[in-house]
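Here the structure comes first, spelled out in structure tokens, and everything after it is commentary.
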Amino acid sequence: MDNLISLITSWPAILITVASFLYWHFTKSFDHWKKKGVVFEKPVFLFGNIKDRMLFRKAFHEFQLETYKKFKGNPFAGLFEGRRPSLMLLDPELIKCVMVRDFEHFVDRPTFRLRSPAYMRHMLINLKGHDWKQVRQIMTPAFTSGKLKQMFSLVDQCGRQMEEYFDSNITPDNPKLSLEMKEFQGRFTLDVIATCAFGVESNSIKFPDSELISMMSKFGDIPLYKRLALFAIILFIPMFARFIPLSFFNTTVMQYLQRLVQKVTQARKTGDIKRNDFLQLMIEHQDPDTSSHSDEVLKLYPSDSNPVKQIPYLRPDTVTAQAILFLIAGYETSSTLLTFACYELSVNPDIQDMLRAHVNEVLDKHDGQVTYEALQEMNYLEMVLNETLRLHPPVARVDRHCTMDYTLPSTNISIKAGDSVNVPIMGLHYDPEYYPDPYTFDPERFTPAEKAKRSPYVFLPFGAGPRNCIGLRFAVLSIDTLLKNPPQRVSL
Numbered sequence: 001m002d003n004l005i006s007l008i009t010s011w012p013a014i015l016i017t018v019a020s021f022l023y024w025h026f027t028k029s030f031d032h033w034k035k036k037g038v039v040f041e042k043p044v045f046l047f048g049n050i051k052d053r054m055l056f057r058k059a060f061h062e063f064q065l066e067t068y069k070k071f072k073g074n075p076f077a078g079l080f081e082g083r084r085p086s087l088m089l090l091d092p093e094l095i096k097c098v099m100v101r102d103f104e105h106f107v108d109r110p111t112f113r114l115r116s117p118a119y120m121r122h123m124l125i126n127l128k129g130h131d132w133k134q135v136r137q138i139m140t141p142a143f144t145s146g147k148l149k150q151m152f153s154l155v156d157q158c159g160r161q162m163e164e165y166f167d168s169n170i171t172p173d174n175p176k177l178s179l180e181m182k183e184f185q186g187r188f189t190l191d192v193i194a195t196c197a198f199g200v201e202s203n204s205i206k207f208p209d210s211e212l213i214s215m216m217s218k219f220g221d222i223p224l225y226k227r228l229a230l231f232a233i234i235l236f237i238p239m240f241a242r243f244i245p246l247s248f249f250n251t252t253v254m255q256y257l258q259r260l261v262q263k264v265t266q267a268r269k270t271g272d273i274k275r276n277d278f279l280q281l282m283i284e285h286q287d288p289d290t291s292s293h294s295d296e297v298l299k300l301y302p303s304d305s306n307p308v309k310q311i312p313y314l315r316p317d318t319v320t321a322q323a324i325l326f327l328i329a330g331y332e333t334s335s336t337l338l339t340f341a342c343y344e345l346s347v348n349p350d351i352q353d354m355l356r357a358h359v360n361e362v363l364d365k366h367d368g369q370v371t372y373e374a375l376q377e378m379n380y381l382e383m384v385l386n387e388t389l390r391l392h393p394p395v396a397r398v399d400r401h402c403t404m405d406y407t408l409p410s411t412n413i414s415i416k417a418g419d420s421v422n423v424p425i426m427g428l429h430y431d432p433e434y435y436p437d438p439y440t441f442d443p444e445r446f447t448p449a450e451k452a453k454r455s456p457y458v459f460l461p462f463g464a465g466p467r468n469c470i471g472l473r474f475a476v477l478s479i480d481t482l483l484k485n486p487p488q489r490v491s492l
């Protein structure tokens with residue numbers, strides 16, 4: 001009985017001890033920025049400076065914009081994401097230093113190793129150091145100007161399917177057509193990616209209810225409780241993330257895509273047909289027998305060396321990871337951007353009219369033919385796309401992980417290896433110092449004269465430097481090709 005009483009009376013002391021330890025653990029870093037002399041906002045226990053975001057009171061883009069406004073006027077500012085400090089860069093010159101000039105100090109992105117699916121660890125966005133450099137080197141030739149020019153006919157073919165769809169569904173007797181624009185643009189985006197990257201014709205316009213379309217539209221469908229659990233794990237106990245079967249993507253969809261990519265890859269390996277596309281480039285780096293490699297792959301490596309040793313070998317799960325990343329990133333980014341562009345054109349009919357006139361003027365010079373060269377001359381189309389990217393960037397910020405100790409130029413602020421920095425893309429894009437009346441859709445901001453007035457590092461929809469979006473050019477080509485069609489054929 002005495003032991004029981006002693007145990008009961010000791011519980012308060014145990015609870016107080018545990019609570020004190022947890023409080024100390026989650027607040028011990030809260031003097032980090034004060035010690036460095038960096039301006040910062042007072043953090044809150046458990047949440048740091050991201051309470052509103054963690055509790056889903058504010059969307060991520062909205063939260064990032066408000067955070068930027070709080071610290072405007074400072075070259076940098078300190079944040080706390082939970083207990084982890086992160087340095088936000090507001091000065092375009094510092095952004096240039098971190099992302100481009102001194103990139104070797106910030107090669108990696110902060111990542112969290114989740115348990116499933118395992119192959120996602122091998123996606124380019126999650127790779128670090130030498131592994132990232134090797135895979136990036138392998139993938140780069142798939143996105144050169146010459147390669148894109150070769151792909152243009154395939155992209156344009158998908159664009160023509162859009163034209164045919166409008167022509168067959170809009171008639172004098174039925175002059176109006178209602179569309180769920182995100183789903184509609186997603187179908188054509190998927191056609192472009194499937195055709196150009198994998199040599200597969202998805203024919204989404206003819207088969208809008210196909211399994212691939214259905215799956216791709218659901219890859220981000222995750223129950224709210226799982227989202228909350230993921231955020232909580234990453235924020236409070238990131239060291240246990242690898243043991244918990246949770247993912248940022250719908251697991252059923254990811255398993256389907258894995259089977260699909262593996263099936264297509266196997267068909268390429270066993271068949272006689274070789275295509276000059278993204279998937280073929282990946283497959284050839286799986287094969288140690290260089291006799292089967294294309295000239296395009298062989299010329300990437302020194303001719304006087306042993307090619308078996310020089311050509312990097314990719315594991316099958318690495319190839320699968322890059323293929324699925326291409327599908328997911330390309331599908332979601334391009335379809336969303338096209339949807340926003342159509343929205344902005346619909347609420348700005350004067351700009352829509354100008355774009356229509358410009359597209360027709362350029363096509364007249366090319367005998368009405370849509371060619372790669374004609375598309376390069378559609379400067380106003382590019383301006384419309386850039387303004388859409390400014391207002392609706394694919395990501396609100398980008399993060400970099402310090403890999404070697406670094407001192408910010410012209411300061412005594414040191415960033416240690418393992419620390420993280422972030423670039424507030426949303427804040428920069430909506431800063432009236434760089435873009436007067438920032439909430440107004442105005443493509444004239446991107447004339448050569450206007451662009452020359454500001455730093456290129458205040459417009460970063462795809463990041464900057466060696467770790468920018470590798471598919472940038474392909475995305476712009478496909479978006480430009482598809483975006484020219486709605487205003488050319490119809491009034492939005």
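Using our numbering, you'd call the opening residue of the sequence shown number 1 and step up by one each time.
For each residue, glycine too, the CB sits at the ideal point set by N, CA and C.
Legend entry - Whole beta strand (DSSP E) elements within the segment 370-445, 3-residue minimum: Whole beta strand (DSSP E) segments, 3+ residues: 398-401 and 420-423.
Legend entry - Beta-carbon proximity list for H366, same chain, < 6 angstroms, skipping 5 on both sides: Locating residue 366 in the sequence shown gives position 366, counting from the first residue. Hits under 6 angstroms: A374.
Legend entry - Spatial distance of K309 from H285 (CA atoms): As a position in the sequence shown, residue 309 is number 309, starting the count at 1. As a position in the sequence shown, residue 285 is number 285, starting the count at 1. In this prediction, K309 has a pLDDT of 46, which is less than 50 and means its spatial position is unreliable; what the coordinates show is noted afterwards. The C-alpha of H285 is placed about 12 angstroms away from the C-alpha of K309.
Inset, instruction - Within 10 angstroms of the Cβ of F56, are there 16 or more other Cβ atoms? Answer buried if so, exposed if not. - result: Counting from 1 along the sequence shown, the entry for residue 56 is found at position 56. F56 counts as exposed, since fewer than 16 other beta carbons sit within 10 angstroms of its beta carbon.
Legend entry - Distance between S247 and S153 (C-alpha atoms, nearest Å): Taking the first residue of the sequence shown as position 1, residue 153 is located at position 153. Taking the first residue of the sequence shown as position 1, residue 247 is located at position 247. C-alpha separation (whole angstroms): 37 angstroms.
Inset, instruction - Could you spell out where the beta strand (DSSP E) holding F76 opens and where it closes? - result: To locate residue 76, count along the sequence shown from 1; it is residue 76. That run of the beta strand (DSSP E) goes F76 to E81.
Inset, instruction - Leaving out five residues on either side along the sequence, give the residues of the same chain with a beta carbon under 7 angstroms from the beta carbon of N306. - result: Along the sequence shown, one-based indexing puts residue 306 at 306. Interpretation of N306 is limited by its pLDDT of 47, a score under 50 that renders its predicted location unreliable; the figure taken from the coordinates is listed afterwards. Closer than 7 angstroms at the Cβ level, and outside the excluded window around N306, lies no residue.
Inset, instruction - With a 10 Å radius around its C-beta and 16 neighbouring C-beta atoms as the bar for buried, classify R390 as buried or exposed. - result: For the purposes of this step, residue 390 is taken as the residue at position 390 of the sequence shown. R390 should be labelled buried.
Inset, instruction - Quick one: give me the first and last residue of the beta strand (DSSP E) that S86 is part of. - result: Indexing the sequence shown from 1 puts residue 86 at position 86. Taken as a continuous stretch (DSSP letters only), the beta strand (DSSP E) holding S86 covers R84 to L89.
Legend entry - Residues that D108 bridges to, as DSSP identifies them: Mapped onto the sequence shown, residue 108 falls at position 108. Assignment of beta-bridge partners to D108 by DSSP yields H401.
Inset, instruction - Identify, in the order they occur along the chain, each residue of the same chain with its Cβ nearer than 8 angstroms to the Cβ of Q255, setting aside the five sequence neighbours on each side. - result: Position 255 of the sequence shown, counted from the first residue, corresponds to residue 255. Contacts found: P117.
Legend entry - Whether F441 touches E344 by CB criterion (8 angstroms): For the purposes of this step, residue 441 is taken as residue 441 along the sequence shown, with counting starting at 1. For the purposes of this step, residue 344 is taken as residue 344 along the sequence shown, with counting starting at 1. Yes; because the gap between Cβ atoms is below 8 angstroms, this pair is in contact.
Legend entry - Anticipated Cβ contact below 8 angstroms, L477 with L148, distance rounded: On the sequence shown, position 477 is the one that residue 477 refers to. On the sequence shown, position 148 is the one that residue 148 refers to. About 5 angstroms; that satisfies the 8 angstroms criterion.
Inset, instruction - Would you mind giving the Cβ-Cβ distance between G330 and T189, rounded to the nearest angstrom? I have them listed as a contact below 8 angstroms. - result: Taking the sequence shown and counting its residues from 1, one reaches residue 330 at position 330. Taking the sequence shown and counting its residues from 1, one reaches residue 189 at position 189. Yes, G330 and T189 are in contact; Cβ-Cβ is about 7 angstroms, under 8 angstroms.
Inset, instruction - Indicate whether M162 and T339 have their beta-carbon atoms separated by less than 8 angstroms. - result: Translated into the one-based positions of the sequence shown, residue 162 becomes position 162. Translated into the one-based positions of the sequence shown, residue 339 becomes position 339. Cβ atoms of M162 and T339: not closer than 8 angstroms.
Inset, instruction - Quick one: residues in its chain with C-beta nearer than 6 angstroms to the C-beta of C196, no 5 flanking neighbours on either side, listed in chain order? - result: Taking the sequence shown and counting its residues from 1, one reaches residue 196 at position 196. Take C196, set aside five residues on each side of it, and the residues of its chain with a beta-carbon closer than 6 angstroms to its own are M151 and L154, in chain order.
Inset, instruction - With a floor of 4 residues, list each alpha helix (DSSP H) that falls wholly inside the segment 174-239, ordered by position along the chain. - result: With a minimum length of 4 residues, the continuous alpha helix (DSSP H) runs that stay inside the segment 174-239 are 181-198, 211-216 and 224-236.
Inset, instruction - Just the C-alpha distance for P461 and L230, rounded to the nearest angstrom, thanks. - result: The count along the sequence shown starts at 1 and reaches residue 461 at position 461. The count along the sequence shown starts at 1 and reaches residue 230 at position 230. Rounded to the nearest whole angstrom, the C-alpha separation of P461 and L230 is 26 angstroms.
Inset, instruction - From the DSSP output, in three-state form, read off S291 for me. - result: One-based indexing of the sequence shown puts residue 291 at position 291. Confidence is the limiting factor: at S291 the pLDDT is only 42, short of 50, which leaves the residue's position unreliable and the question unanswerable from this model.
Legend entry - Buried versus exposed call for S291 [16 or more other C-beta atoms within 10 Å across all chains shown]: Walking along the sequence shown from the start, residue 291 turns up at place 291. For S291, the predicted structure reports a pLDDT of 42, less than 50, and the residue's modelled location is therefore unreliable. A value from the coordinates is still provided. S291 comes out exposed.
Legend entry - Close beta carbons around S29, own chain, < 8 angstroms, minus the five adjacent residues each side: Position 29 of the sequence shown, counted from the start, is the residue given in the question as residue 29. Taking C-beta separations shorter than 8 angstroms and ignoring five residues to either side along the sequence, the partners of S29 in its chain run F80, R83, R84 and P85, following chain order.
Inset, instruction - Check whether the Cβ atoms of A321 and F112 sit closer than 8 angstroms, and answer yes or no. - result: Taking the sequence shown and counting its residues from 1, one reaches residue 321 at position 321. Taking the sequence shown and counting its residues from 1, one reaches residue 112 at position 112. Going by C-beta atoms, A321 is not nearer than 8 angstroms to F112.
Inset, instruction - Quick one: give me the first and last residue of the alpha helix (DSSP H) that T265 is part of. - result: Looking up residue 265 in the sequence shown gives position 265. For T265, the enclosing alpha helix (DSSP H) has its first and last residue at T251 to T270.
Inset, instruction - Rounded to whole angstroms, what's the CA-CA distance from E93 to P456? Just pull it up for me. - result: Residue numbering aside, residue 93 sits at position 93 when the sequence shown is read from its first letter. Residue numbering aside, residue 456 sits at position 456 when the sequence shown is read from its first letter. Each residue's alpha carbon lies about 10 angstroms from the other.
Inset, instruction - Could you say if the segment 95-106 and the segment 215-227 meet the contact criterion of at least three C-beta pairs nearer than 8 angstroms? - result: They do not touch, by the three-pair rule.
Legend entry - Spatial neighbours of S335 in its chain, beta-carbon cut-off 7 angstroms, leaving aside the 5 residues before and after: Looking up residue 335 in the sequence shown gives position 335. Excluding sequence neighbours, S335 sits near K182, Q185, G186 and T189.
Inset, instruction - Kindly indicate which three-state DSSP category V39 falls into: helix, strand or coil? - result: In the sequence shown, the residue the question calls residue 39 occupies position 39. It is coil, neither helix nor strand.
Inset, instruction - Rounded to whole angstroms, what's the CA-CA distance from D191 to S204? Just pull it up for me. - result: One-based indexing of the sequence shown puts residue 191 at position 191. One-based indexing of the sequence shown puts residue 204 at position 204. Computed Cα separation, rounded: 7 angstroms.
Inset, instruction - Provide the residue span of the alpha helix (DSSP H) that contains Q510, from first to last. - result: Only positions 1 to 492 of the chain appear in this structure, which leaves residue 510 out of reach.
Legend entry - Which listed residue (F198, T171, G368 and E164) has its alpha carbon closest to that of V577: It is not possible to answer for residue 577, since the shown part of the chain is limited to 1 through 492.
Inset, instruction - State the DSSP-derived secondary structure class of G465, mapped to helix, strand or coil. - result: In the sequence shown, counting from the first residue as 1, residue 465 sits at position 465. In the structure shown, the three-state DSSP call for G465 is coil.
Inset, instruction - For my contact list, P110 and S420 are in at a C-beta cut-off of 8 angstroms; report their separation, rounded to the angstrom. - result: Along the sequence shown, read from residue 1 onward, the residue named residue 110 stands at position 110. Along the sequence shown, read from residue 1 onward, the residue named residue 420 stands at position 420. Approximately 5 angstroms separates the beta-carbon atoms of P110 and S420; this is inside 8 angstroms, confirming the contact.
Legend entry - Assigned secondary structure, D480 (DSSP; H/G/I helix, E/B strand, else coil): Position 480 of the sequence shown, counting from 1, holds the residue named residue 480. In the structure shown, D480 sits in a helix (DSSP, three-state: H, G or I).
Inset, instruction - Would you mind working out which of F249, Y434, G471 and Y313 sits nearest E450, comparing C-alpha positions? - result: As a first step, residue 450 is located in the sequence shown; it is residue number 450 there, counting from the start. The residue from F249, Y434, G471 and Y313 with its alpha-carbon nearest to that of E450 is Y434.
Legend entry - Environment of Q352 [buried if 16+ CB atoms lie within 10 Å]: One-based indexing of the sequence shown puts residue 352 at position 352. That one is buried.
Inset, instruction - Please look up how many angstroms separate the CB atoms of S210 and S202, rounded, as I've assumed it's under 8 angstroms. - result: In the sequence shown, residue 210 corresponds to position 210, counting from 1. In the sequence shown, residue 202 corresponds to position 202, counting from 1. That belief holds up - the Cβ atoms of S210 and S202 are roughly 7 angstroms apart, short of 8 angstroms.
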